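Here my numbering runs 7 ahead of the position in the sequence shown, where the first position is 1.
All residues carry an ideal CB built from backbone N, CA and C; glycine is no exception.
Quantities reported herein were computed from a predicted structural model and do not represent experimental measurements.
Notes follow once the structure below has been shown.
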Amino acid sequence: MGFIALGLAVVGLILGCVPVVPVIVIGMVLLFAALVVGIIALFVKHTAKWPAIVSIVVSVIGGVIAAVVLLVVAVFSIAQGPVDSGPVSSPAPSISAPSEQPTDAPESSDRPTPAEISEGYLAIMHADGVHDYDDPEIAECIGQKMYDSDVSDETLWAGIKDEYPGADEFEHARDVLTDVLLFCKP
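Below, the structure written as structure tokens:
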């Protein structure tokens, strides 16, 4: 049993050092199994004790290393931002470029209020069948964050009227809105 524990500990240590989250988790499970089997092997009569002791030590050290690797991977993942890993529980609305030509100027040269912004964007989302952001706090958050963003007044007016502000402005506003939606409803 001591050699089985030692084998589990070595494989767990190796997998725990691979900077891929599922592999690290498998490594940590193997390290825990090695620790348990190693402790059991210490109490089995007529077996060599040194493999059990070594497996316990390797399991503990490997667990610490795997935890550090997991922490580093998590920190770098958070620092790099979200990674597209498949569907999310509540999908973000699909924001596509309206077919209209660029607008000349907004009705007002002033920046729309946060309430106008959230109302306009929610109306567009409702037209697409998306109701995931209807909560008043989330809607208020969307309006305020878009208001505070560096999106131009003209682009905000065009956006809440479902008009096309131009390619560059549209791309920037879409990127900002995506970040805002993720912030307001993580």
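Contact between the region 47-62 and the region 78-86 is absent, with fewer than three C-beta pairs closer than 8 Å. Sequence-distant partners of glutamine 151 (beyond 5 residues in either direction) whose C-beta falls short of 7 Å from its own C-beta, in its chain, are Pro121.
Distance from the CA atom of proline 26 to the CA atom of leucine 20, rounded to whole angstroms, is 12 Å.
By the neighbour-count criterion, in which 16 or more other beta carbons inside 10 Å mark a residue as buried, phenylalanine 177 falls on the buried side.
If you draw a straight line from the Cα of leucine 38 to the Cα of isoleucine 60, it comes to about 14 Å. Here tyrosine 128 carries a helix assignment [DSSP, helix/strand/coil].
The Cβ atoms of glycine 34 and alanine 73 sit closer than 7 Å to each other. Beyond the five residues adjoining it in sequence on each side, proline 143 comes within less than 7 Å, by CB distance, of no other residue in the same chain. For valine 71, the enclosing alpha helix (DSSP H) stretches over residues 57-87. Taking C-beta atoms as the reference points, lysine 192 and isoleucine 124 fail to come closer than 7 Å. The beta carbon of glutamate 147 sits closer than 6 Å to no other beta carbon from its chain once the five residues preceding and following it are set aside. Shown here, valine 17 sits in a helix according to DSSP, grouped into three states. The beta carbon of isoleucine 131 lies closer than 6 Å to those of Asp169 in the same chain, with the five residues before and after it left out. By the beta-carbon neighbour count (other beta carbons within 10 angstroms, threshold 16), glycine 23 is buried. Residue state for glycine 173 is assigned as coil, using DSSP reduced to three classes. Counting only the Cα atoms, isoleucine 47 lies some 49 Å from phenylalanine 190.
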